[in-house]
Amino acid sequence: MEREPLIFVGTCDLAGLVRGKGFPLTAQAMRLRQGVGLAPSNIMMSAFGPIYDTPFGTAGDLMLVPDAKTYVEVEYALGEAERFYLGDILMLSGQHWQCCPRHFLRRALDALHNEAELSLVAAFEQEFVYTGVEHRPGATYSLDAWRRQGSFAEHLMAAIRSAGLEPDSFLAEYGPRQYEMTISPARGIRAADEAVIAREMARGVAQRLGHRAILAPVLEPDGIGNGTHIHFSLRDTADQPVMFDPARPWRMSPVGEHFVAGILDHLPLLTAITAPSAASYYRLQPNRWAPTWANVGLQDRGASIRVCPIFDRPANHNFNVEYRVADATASPYLALGALAWAGLDGIKRRLTLPELTEANFWEMTDEERRDAGARPLPRSLLESLNLLAASDAARDWFGDEFFEAYLRFKRSELKVLDGLSPPEICERYAEVY
Ligand code: GLU
Ligand code: MG
Numbered sequence: 000m001e002r003e004p005l006i007f008v009g010t011c012d013l014a015g016l017v018r019g020k021g022f023p024l025t026a027q028a029m030r031l032r033q034g035v036g037l038a039p040s041n042i043m044m045s046a047f048g049p050i051y052d053t054p055f056g057t058a059g060d061l062m063l064v065p066d067a068k069t070y071v072e073v074e075y076a077l078g079e080a081e082r083f084y085l086g087d088i089l090m091l092s093g094q095h096w097q098c099c100p101r102h103f104l105r106r107a108l109d110a111l112h113n114e115a116e117l118s119l120v121a122a123f124e125q126e127f128v129y130t131g132v133e134h135r136p137g138a139t140y141s142l143d144a145w146r147r148q149g150s151f152a153e154h155l156m157a158a159i160r161s162a163g164l165e166p167d168s169f170l171a172e173y174g175p176r177q178y179e180m181t182i183s184p185a186r187g188i189r190a191a192d193e194a195v196i197a198r199e200m201a202r203g204v205a206q207r208l209g210h211r212a213i214l215a216p217v218l219e220p221d222g223i224g225n226g227t228h229i230h231f232s233l234r235d236t237a238d239q240p241v242m243f244d245p246a247r248p249w250r251m252s253p254v255g256e257h258f259v260a261g262i263l264d265h266l267p268l269l270t271a272i273t274a275p276s277a278a279s280y281y282r283l284q285p286n287r288w289a290p291t292w293a294n295v296g297l298q299d300r301g302a303s304i305r306v307c308p309i310f311d312r313p314a315n316h317n318f319n320v321e322y323r324v325a326d327a328t329a330s331p332y333l334a335l336g337a338l339a340w341a342g343l344d345g346i347k348r349r350l351t352l353p354e355l356t357e358a359n360f361w362e363m364t365d366e367e368r369r370d371a372g373a374r375p376l377p378r379s380l381l382e383s384l385n386l387l388a389a390s391d392a393a394r395d396w397f398g399d400e401f402f403e404a405y406l407r408f409k410r411s412e413l414k415v416l417d418g419l420s421p422p423e424i425c426e427r428y429a430e431v432y
């Protein structure tokens, strides 16, 4: 008997995991129209599997409809091929469902377009631990660590390219067995789709080699974290970059500055969306290249928001800003959407960035840092969820139903970790991500 090829359609959900259903390749055309059925409570599946709390109960029907543009078909040289789509969750009426994570991003990008005539270009850098390599002291960034991952990187790059993405780089990172992959910039929803696809390619290749790519924020409480860094820039309706102005402080045009200032303004609470797990806060600790303060830094990798250098010309095309407070427990749709919403708010309120000074942020006292416009990042998910819950702006971004569902989802995740030690908490997440 021949094997029957199957296709999966999923979305990267509130837990930041790709979940959905499969169907025969022969039904592709029909499924592109009708999608597959889902219950509203599907979106409430926790990081660890069970639905701990849901406002939707067991009732209702939705459709997860593949977006044809996201199709991934990878014929791995290593074995089993993989076919999947990413999709949107629609109501039976055909309208988008408010609690669809991909639609959260779409609404943010539409608002940015309608209210500021701008589009967003983004590239995700993702760090992870590859278990197929043994750690050796001194491996950090080394050719030796690069070599010892064997064929993983080349299979990964091939998979990424055959999935329709443009790989930018691959490197041995700072932590034990830690690597990083970067994908070239893409526009709007596509950038988030590509972040999701790249993660799955890393997991898919590792699995075919008998190992794992672990994207959890941190594997042990005192360890080096796996960050997801989101580089972004803005374009106008003529597709021209509008963020760069070398004559201004921070090298940013007024609109660029307002956008970034909006992100900075909302930053402490954005962590509830971009660093949304209990383990995320073990990553956000001093001396690990991870941010600890809600601040902007000119070419400073310790800052939450880093104004990047320009490596290539034309400068305005290559100028971008990096948001460093995200990790792989966040759905890229929610993380990028939150940045777009917060940035748009900054544009509407014409927010400005703190004055750019010569002073070294890391030599300042905490009081001086506060005087310089920085605030400490939340120390726990509970703290960041409380900030989110108190924000009328964030409630508007989500809409009431989604906002309440998201808060319940994350609070129930925290509740099940109650009583676990920090190493146990990290372990729970490392099993999943
Ligand atoms: N691993 C660091 C983090 O958790 C980032 C290291 C780097 O700058 O690439 O964000
Ligand atoms: Mg890195």
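Numbering that gives the first Met the number 0 numbers the first residue of the sequence shown as 0 and each following residue consecutively. Positions of the beta carbon are idealized from the N, C-alpha and C atoms, including for glycine.
For L61, name the three-state secondary structure that DSSP assigns. Reading the sequence shown from its first residue, position 62 is the one you call residue 61. L61: strand per DSSP, three-state reduction.
Cβ-heavy atom distance, E256 to the ligand GLU, below 8 Å: Here residue 256 is taken as the residue at index 257 of the sequence shown, counted from 1. No - the ligand GLU has no heavy atom lying nearer than 8 Å to the Cβ of E256.
Can you tell which of E193, M180 and H134 has the C-alpha that lies nearest to the C-alpha of T69? The sequence position of residue 69 within the sequence shown is 70, counting from 1. The shortest Cα separation from T69 among E193, M180 and H134 belongs to E193.
What three-state label does DSSP hand T69 in the structure shown? Position 70 of the sequence shown, counted from the first residue, corresponds to residue 69. DSSP places T69 in the helix class (H, G or I) of the three-state scheme.
If I measure Cβ to Cβ from A212 and keep anything under 7 Å in the same chain, skipping five residues before and after, which residues do I get? Walking along the sequence shown from the start, residue 212 turns up at place 213. Excluding residues up to 5 positions away in sequence, F127, Y129, A201, R202 and A205 lie with their Cβ nearer than 7 Å to the Cβ of A212 in the same chain.
DSSP-derived helix/strand/coil call for A162: The residue given as residue 162 occupies position 163 in the sequence shown. Coil, per DSSP.
Check whether the Cβ atoms of D221 and Q284 lie closer than 9 Å to each other. Here residue 221 refers to the residue found at position 222 of the sequence shown. Here residue 284 refers to the residue found at position 285 of the sequence shown. Yes, these two residues count as a Cβ contact at 9 Å.
Could you check what DSSP says for V128 in three-state terms: helix, strand or coil? Working through the sequence shown from its first residue, we reach residue 128 at position 129. DSSP places V128 in strand when its eight states are reduced to three.
What residues come near the ligand MG, if near means a beta carbon less than 7 Å from any of its heavy atoms? Cβ atoms closer than 7 Å to the ligand MG belong to E124, E126, E172, E179, G226 and H228.
Give every residue of the same chain whose Cβ lies closer than 6 Å to the Cβ of A107, excluding the five residues on either side of it in the sequence, and list them in chain order. Here residue 107 corresponds to residue number 108 of the sequence shown, with the count starting at 1. Excluding residues within five positions, the ones whose Cβ falls inside 6 Å are G336, A339 and W340.
First and last residue of the beta strand (DSSP E) that includes G48? Here the question's residue 48 lines up with position 49 in the sequence shown. For G48, no beta strand (DSSP E) segment is defined, and its DSSP state is neither H nor E.
Who are the Cβ neighbours of V132 in its own chain at under 6 Å, not counting the five residues just before and after it? By one-based count along the sequence shown, residue 132 stands at place 133. Spatial neighbours of V132 in its own chain (CB-CB distance under 6 Å, excluding positions within 5 residues in sequence) are listed in chain order as R147, Q148 and R176.
Taking the runs of the alpha helix (DSSP H) that are 4 residues or longer, which of them lie wholly in the region 276–321? For the alpha helix (DSSP H) assignment, the uninterrupted runs of no fewer than 4 residues enclosed by the region 276–321 are, from N- to C-terminal side, 279–282 and 314–317.
Does F310 pass the burial test, meaning 16 or more other C-beta atoms within 10 Å, or should it be called exposed? Taking the sequence shown and counting its residues from 1, one reaches residue 310 at position 311. Exposed is the call here.
Using a threshold of 9 Å, state whether the C-beta atoms of Y322 and H230 are closer than that. For the purposes of this step, residue 322 is identified with residue 323 of the sequence shown, where counting begins at 1. For the purposes of this step, residue 230 is identified with residue 231 of the sequence shown, where counting begins at 1. Yes, the Cβ-Cβ distance between Y322 and H230 is below 9 Å.
Give a yes or no on whether the C-beta atoms belonging to A191 and L104 are separated by under 9 Å. Taking the first residue of the sequence shown as 1, we reach residue 191 at position 192. Taking the first residue of the sequence shown as 1, we reach residue 104 at position 105. Result yes, Cβ atoms of A191 and L104 sit closer than 9 Å.
Using DSSP with H/G/I as helix, E/B as strand and the rest coil, what is I6? Here residue 6 is taken as the residue at index 7 of the sequence shown, counted from 1. Strand.
Close Cβ partners of P290 (< 8 Å) along its chain, the five nearest in sequence each way excluded: Along the sequence shown, one-based indexing puts residue 290 at 291. Within its own chain, the residues whose Cβ lies closer than 8 Å to the Cβ of P290, once the five positions on either side in sequence are excluded, are L283, G301, A302, S303, R323, V324 and L376, listed in chain order.
Between the alpha carbons of L218 and G36, how many angstroms are there, rounded? In the sequence shown, residue 218 corresponds to position 219, counting from 1. In the sequence shown, residue 36 corresponds to position 37, counting from 1. Taking the CA atoms as reference points, L218 sits about 35 Å from G36.
Hey, would you say E256 sits closer than 9 Å to A162, going by beta carbons? In the sequence shown, counting from the first residue as 1, residue 256 sits at position 257. In the sequence shown, counting from the first residue as 1, residue 162 sits at position 163. No, they are not a contact pair.
Report the partner residues of F169 according to the DSSP bridge assignment. To locate residue 169, count along the sequence shown from 1; it is residue 170. As DSSP reads the structure, F169 sits in a beta bridge with M180.
Quick check on the burial criterion: 16 or more other C-beta atoms within 10 angstroms. Buried or exposed for L227? Counting from 1 along the sequence shown, the entry for residue 227 is found at position 228. Going by the sequence as given, residue 227 is Thr instead of Leu. It counts as buried.
So what does DSSP say about M242, is it helix, strand or coil? Residue 242 sits at position 243 when you count from the first residue of the sequence shown. If DSSP states are grouped into helix, strand and coil, M242 belongs with coil.
Going by the beta-carbon positions, is the gap between P54 and R374 smaller than 9 Å? Within the sequence shown, numbered from 1, the residue matching residue 54 stands at position 55. Within the sequence shown, numbered from 1, the residue matching residue 374 stands at position 375. Between P54 and R374, the gap from beta carbon to beta carbon reaches 9 Å or more.
Which of helix, strand or coil DSSP assigns to F55: Numbered from its first residue, the sequence shown carries residue 55 at position 56. The answer is coil: DSSP assigns F55 none of H, G, I, E or B.
With a Cβ-Cβ cutoff of 9 Å, do A157 and A246 count as a contact? Taking the first residue of the sequence shown as 1, we reach residue 157 at position 158. Taking the first residue of the sequence shown as 1, we reach residue 246 at position 247. In this structure, A246 does not lie closer than 9 Å to A157 by Cβ.
Is the closest heavy atom of the ligand GLU to the C-beta of I223 under 8 Å? Here the question's residue 223 lines up with position 224 in the sequence shown. Within the cutoff, so yes.
Which residue marks the beginning of the alpha helix (DSSP H) containing V415, and which one marks its end? In the sequence shown, counting from the first residue as 1, residue 415 sits at position 416. Where V415 is concerned, the enclosing alpha helix (DSSP H) starts and stops at D399 to V415.
Cutting at 6 Å between CB atoms, please list the residues of its own chain near W396, excluding the five before and the five after it. For the purposes of this step, residue 396 is taken as residue 397 along the sequence shown, with counting starting at 1. W340.
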